[in-house]
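From first to last, the protein sequence lines are chains A and B. Going by my numbering, the letters in the first sequence line up with residues 1495 to 2185, in that order. Going by my numbering, the letters in the second sequence line up with residues 4 to 125, in that order. Glycine included, each C-beta is placed from N, C-alpha and C at the ideal position. Input: a single structure, listed below in structure tokens.
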Amino acid sequence: MADLGVMALLLGLALSAYAAIGSVVGEKIGMAELVVSARRALYMTTLAVVIASGALINAFVQNDFSIRYVADHSNTLMDRAFVWVAFYAGNEGSLLYILLALALMSALSVWFAPKRLARSMPWTIAILAIIQLFYFVVLSFAANPFELLDTVPLDGRGINPLLTHTGMFSHPPMLMGGLIAITIPFAFVSGALIAGNYGDDWIDVARVSAILAWGVLGTGMLIGAWWAYTILGWGGYWAWDPIENVALMPWLVLTAFIHSIMVQKRRGMFRMWNVALLNIAFVLAQLGMFINRGGPVVSVHSFAASALGIIFLSFMIASLVFAFALFLWRMPQLKSDRAMESFVSREASFLINNFLFLSVMAVTLWGVLYPVFAEFARDISVSVSAPYFNRANGPVLLGIVVMMGIGPLLPWRKTSARSLKQWFVWPTLVGVLTIIVLVALGVQRPIAIFAFGVVAFVAASISEEWWRGTVARHRSGDNWPMAWWRLVNGNRPRHGGYIVHISILMLGLGIIGTNFYQQRTDGALALGESLVIDNYRIEYVDNGDESRPDRIAQWAEMSVYEISPEDYEQEKAFAAAQGSTGFTLKDSRLRENDKLIDQIRPWHGFYVDFNMASVRSGIRSTLVEDLYVIPRDFLADGRISLAVSINPLAWWLWASGPFFIIGTMVALWPQPAVERRPVRKRKLDDTEGEN
Amino acid sequence: MPIVLGTLLALVSIAVIAYPFLGSKRYRLVSETFVTREKLRAERLRIYRKITDLESDFTSGDLTDADYQLQRDQLRMSAAEILRQESGAKTTNSTRDEELEKEISRLREQTAQSPEGGDTLK
């Protein structure tokens, strides 16, 4: 199978080179056959990558350890379900996966491209083919997944234990797929600009492909956060790790883009700005590829580190030069005809939100690149950690949420004082009331209370929008559910956006809860002993061995009791005097009000071949809070070392995912064509006659 | 076997990309007329969509009556202009303006006569 894989890669290389050259030359000399042939070559590269990927997957299924990549990332003990994960577990395979995603997306987008972009398609195809060519070259000569070993081992090294998690079936492919998907809108817009198409013809294809990339990337990040929460054993979900950041940055820019493209669609403004945003997103995606592959910064994702850095750095610089040279070249033609009429309008609110998104991106970029610059310029090792990002980005992110509430209430063009008063009263009232109630309930932390107020304000503004629209439709005869459905269906991009906003609010609740109100304690328990934190008593009741040839593993059985704080007043007071939030109990006697509510089984393993520990935390999750038990170590004296935390509102982080996906799909779902007369299908006798 | 499969893939690829040169079908690059026609159609549909969104905003109370009327008329004028371009009518600037005025008046009348006072894009 290695031979087939190598042949497919080399063929793909030749085909993509032909597609790039043939497309441009055919367009320049007016040779239609060459243009069509080049487009077909692009489709054939997809087949070549599919076959190369199939060959690698087959090698994993067959345990073909003559291939170095298979021997490095699997073994006979590996659950076959993880073949898909093993496929992209290392550099070579992940690059092949990226190329596969790019080739499929390129072929589909070119096939379904609107006919009005026909004159710019040869340039779009050339850009897509050049980017594919880069990956074919890297895969063929620098990171070949089909490289053979001189001596075939009896068994492989096995898959990285951190990857043996359900989230790994979707998190890496979605992140890599989302990053590379930004190539599609970039190629279409750049192709149009090169061809001299300065109008809005590319809006729809750029918007749809950008939202797809954004949705996939966002979902991938959320799944990654869940993976980190359940497997990395540190109790958090977002560490501002460089690899997380390089996915977040293009996502932020795409978020700005999918808002401002609405202004271009509706008002014919921000054309130049939108092109710039797409360029920035594309270059940041290349930065992501570079940092992922090159490993200039330390990350929990270091399993993908390699010496490919210089190759990807060169490609990123070339992308940057190309994108901005093209932008500067076509800038004079991109100016919009219209100017903003008022700063109290929806388009102005979108502009402000764009600046806020770019601010977070810039702060994050600086945090990612500073260690690299410091090492390069001063030869010192510096790491930028979460406090910097939280302090610098926190207020701006809160500002973005505020704008999420304000923007939808403002009409396009300008807003009258009457409208402002009319539409803002209810959400503001709800926000202020929330703050008052929380203060009255004795909730601590002013910043968090304000943030809760902001969340309530935005939720009320969305409710108001839906209420107003639904009532208007109900008055014209629809029943309530149908009225709401028609409202949403009538403008899917807008109302899909509101559903996404709801998911962001849910995410916000989780972030506020876990960041401001988390409680932590730790301790070592012998069998029968308990650890008490807040309203929970966690008793260590049993343990067992689950070792396999590739790992030494133990589990612990824990009974979780809900307790009445009054029963433990004395111990709590003693622990509080020592500055601790929790304490251990030697006796297993239960107090009067202790109530068994759950059994959890955290797990701790050590993988000898990888010299790596892996844990599965015990999590009891409710709408209000998560009880999170991390088994740090099984000690020689039979005790277990535990770290326990209470993560308020953590459930909402993960519940936001389905809303995010549904909202994205609603926003993407094609609107019915607004043409209220039958469209006669014209005979397109002057087309090339095929896709 | 893998070598045979690889060779087969190469031969199929060559056949597919060579076909436009060797087959009997003749290809032509897309004409400017065709692209213009497609662009106009897309622009017209975009304007129709904008009018629908405008109606939706107005129904929801996002727009004042005056703003709604003004924006709708502007959009209808643009749509009428595109329809005229699509039909390929060649008119001088002055006659075109007159015809646009007539078209707007006709649309206004139609709106006034509509039982719900709503908008139709006929």
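Quick one: grab the DSSP three-state call for TYR2034 of chain A.
-> strand
Inter-residue spacing [alpha-carbon to alpha-carbon] between LYS93 of chain B and LEU86 of chain B = Because LYS93 of chain B sits at a pLDDT of 47, beneath the cut-off of 50, its placement in the model cannot be relied upon, and the following sentence gives the value as read from the coordinates. Near 12 Å, if we compare the C-alpha coordinates of LEU86 of chain B and LYS93 of chain B.
Closer than 9 Å at the beta carbon, the chain A residues around GLU89 of chain B = Result: empty, since nearest Cβ-Cβ is about 11 Å, beyond 9 Å.
Where ASP1497 of chain A meets chain B, residues with beta-carbon distance less than 7 Å = PRO5, ILE6 and GLY9
Select from A:PHE1628, A:LEU2084 and A:ILE1900 the residue whose C-alpha is nearest the C-alpha of ALA1508 of chain A.
-> A:PHE1628
Please name the residues in the segment 1910 to 1925 of chain A whose beta-carbon is closer than 9 Å to at least one beta-carbon of chain B, in chain order.
-> SER1910, ARG1912, SER1913, GLN1916 and TRP1917
Does the beta carbon of SER1843 of chain A come closer than 8 Å to any beta carbon on chain B?
-> no
Residues of the segment 72 to 89 of chain B whose Cβ lies closer than 7 Å to any Cβ of chain A, in chain order | none
GLN2048 of chain A: which of A:GLU2040, A:VAL2054 and A:TYR2055 sits nearest, CA to CA?
-> A:GLU2040
Would you report the Cα separation of ASP2088 of chain A and MET2052 of chain A, rounded to the nearest angstrom?
-> 15 Å
Counterpart residues of LEU2025 of chain A in DSSP-defined beta bridges = A:ILE2032 and A:THR2078
Beta-carbon neighbours of LYS2089 of chain A, restricted to chain B and to distances below 7 Å = Those do not exist, as LYS2089 of chain A stays about 50 Å from chain B at its closest Cβ, beyond 7 Å.
Closer than 7 Å by beta-carbon distance: list the chain B residues that pair up with ILE1545 of chain A, in chain order.
-> LEU12
Hey, is ALA45 of chain B's beta-carbon within less than 8 Å of any beta-carbon in chain A?
-> yes
Alpha carbon to alpha carbon, how far is GLN2093 of chain A from ALA1770 of chain A?
-> 54 Å
Near GLY2157 of chain A, what residues of its chain come up, given a Cβ to Cβ distance below 8 Å and the 5 sequence neighbours on each side ignored?
-> GLY1990, GLY1991, TYR1992, ILE1993, VAL1994, HIS1995, ILE1996 and SER1997
In whole angstroms, what separates the C-alpha of GLY2191 of chain A from that of LEU1891 of chain A?
-> For chain A, the structure presents residues 1495 to 2185; residue 2191 of chain A sits outside this window and is missing.
Comparing alpha-carbon positions, which option in A:LEU1657, A:ILE1752, A:ALA1612 and A:ALA1707 lies nearest GLY1718 of chain A?
-> A:LEU1657
Can a CB atom of chain A be found closer than 8 Å to the CB of ASP65 of chain B?
-> yes
Is SER2135 of chain A helix, strand or coil by DSSP?
-> strand
Under 9 Å from the C-beta of GLY1984 of chain A: neighbouring residues of chain C | Of the protein chains in this structure, namely A and B, none is chain C.
DSSP state of GLU2051 of chain A mapped onto helix, strand, coil = strand
Flag ASP68 of chain B as yes if its beta-carbon sits less than 8 Å from any beta-carbon of chain A, otherwise no.
-> no
Residue nearest to ALA1966 of chain A in terms of C-alpha spacing, selected from B:ASP70, B:ASP65 and B:TYR71 | B:ASP65
Would you call TRP2163 of chain A buried or exposed, if buried means 16 or more other Cβ atoms sit within 10 Å of its Cβ?
-> exposed
How would you list, in chain order, the residues of chain A whose beta-carbon sits under 8 Å from the beta-carbon of SER16 of chain B?
-> LEU1505, LEU1509, ALA1535, MET1538, LEU1541 and ALA1542
ALA1798 of chain A to SER1879 of chain A span [Cα, whole Å] | Only weak support exists for where ALA1798 of chain A lies, its pLDDT of 48 falling under 50; the value from the coordinates is given anyway. So the alpha carbons of these two residues sit roughly 21 Å apart.
ASP1972 of chain A touches chain B at which residues, Cβ-Cβ below 8 Å?
-> The premise fails here: ASP1972 of chain A is roughly 11 Å from chain B at the closest Cβ pair, so nothing lies under 8 Å.
Going by other Cβ atoms of all chains shown within 10 Å of its Cβ, with 16 needed for buried, is LEU11 of chain B buried or exposed?
-> exposed
Length of the line joining the Cα atoms of TRP1745 of chain A and ALA1733 of chain A = 17 Å
Would you tell me roughly how many angstroms separate the C-alpha atoms of LYS1522 of chain A and LEU1594 of chain A, rounded to the nearest one?
-> 29 Å
Straight-line Cα distance separating GLN88 of chain B from THR95 of chain B = Any reading at THR95 of chain B must be qualified, since the residue scores a pLDDT of 49, below 50, and its modelled position is unreliable; the value itself is stated next. Approximately 12 Å, taken between the alpha carbons.
Quickly, what does DSSP pair PHE2100 of chain A with across the bridge? List them, please.
-> A:ILE2046 and A:ALA2107
Please confirm if PRO1639 of chain A has its CB atom under 8 Å from at least one CB of chain B.
-> no
Give every residue of the same chain whose Cβ lies closer than 6 Å to the Cβ of ARG2085 of chain A, excluding the five residues on either side of it in the sequence, and list them in chain order.
-> ASP2061
Contact between the segment 1861 to 1870 of chain A and the segment 1708 to 1724 of chain A: three or more CB pairs below 8 Å?
-> no
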